[in-house]
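Presented below is the structure to which this report refers.
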Amino acid sequence: MKQQVEVKELKEGKYVIIDDEACVIKSITKSKPGKHGAAKARIEAIGLFDGQKRSFIGSVATKVYVPIVERKTAQVISITGDIAQLMDMGDFSTFEIVIPDEYKDKVKEGEEISYITALNKVKLDIRT
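Each residue of the sequence shown is one higher than the one before, counting from -12 in the numbering used here.
What follows is the structure, given as structure tokens:
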């Protein structure tokens, strides 16, 4: 799910969709309006799911899409290799997710963990 907002409403730390990927905004620089044009904005962002750096340049009046990012909790039902089967604690649906290498020792069966979902993608959100 996503919604539209103008570039001038975005702030650092918020989310934006660039190249059909949900991204976290790291910096925004805005130029002053010139004699013959509107102010421009440059957004530097990092992909929420792939960690890739992306940028967007456009007028501050341009409308961009903002993903609706949800943080949820789930219980780890089983672990098979590097794949964990999780059950959402809100609607009790089950799904599988690949466990990243840095979280392999922190994800254990029976524990509750938090995860992020946006644009039909899921990522573990384990904070230490």
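Glycine included, C-beta positions come from ideal geometry on N, C-alpha and C.
All figures in this text were calculated on a predicted structure; none of them were measured in a lab.
Alpha-carbon to alpha-carbon, residue j and residue i
i, j, result
"LEU73", "SER80", "8 Å"
"LYS110", "SER18", "35 Å"
"ARG29", "CYS10", "14 Å"
"TYR2", "SER42", "13 Å"
"LYS27", "LYS59", "36 Å"
"GLU31", "ILE113", "24 Å"
"LYS(-2)", "LYS13", "9 Å"
"GLN(-10)", "ILE55", "7 Å"
"LYS(-5)", "LYS22", "19 Å"
"MET76", "GLY0", "27 Å"
"ASP6", "ASP92", "33 Å"
"ALA105", "GLU57", "7 Å"
"ALA25", "LYS108", "35 Å"
"PHE82", "TYR90", "18 Å"
"SER46", "ILE15", "12 Å"
Counterpart residues of residue i in DSSP-defined beta bridges
i, result
"TYR102", "LYS59 and LEU111"
"PRO20", "In the DSSP output, where bridge partners are listed per residue, PRO20 has none listed."
"GLN(-10)", "VAL53"
"ASP75", "ALA61"
"PHE36", "The partner list for PHE36 (beta bridge, DSSP) is empty, contrary to what the question assumes."
"PHE27", "Reading off the sequence, residue 27 comes out as Lys, not Phe. BP columns for LYS27 point to SER46."
"SER14", "GLU31"
"GLU89", "According to DSSP, which records beta bridges pairwise, GLU89 is partnered with nothing at all."
"VAL3", "CYS10"
"GLU83", "GLN72"
Cut-off 6 Å between Cβ atoms - residues of its own chain near residue i, not counting five sequence neighbours on either side
i, result
"LYS40", "ILE33"
"VAL(-8)", "VAL53"
"GLU8", "GLY34"
"ILE44", "ARG29"
Residues of its chain near residue i, where Cβ-Cβ distance is below 7 Å and the 5 sequence neighbours each way are ignored
i, result
"VAL63", "ALA71, LEU73, VAL94, LYS95, GLU96, GLY97, GLU98 and ILE100"
Residues of its chain near residue i, where Cβ-Cβ distance is below 8 Å and the 5 sequence neighbours each way are ignored
i, result
"ASP37", "GLU8"
"SER65", "ALA71, GLN72 and GLU96"
Query raised in the report: Are at least three pairs of beta-carbons, each pair with one atom in the stretch 63 to 77 and one in the stretch 88 to 101, less than 8 Å apart?
Result: The stretch 63 to 77, when compared against the stretch 88 to 101, does touch it at the 8 Å Cβ threshold.
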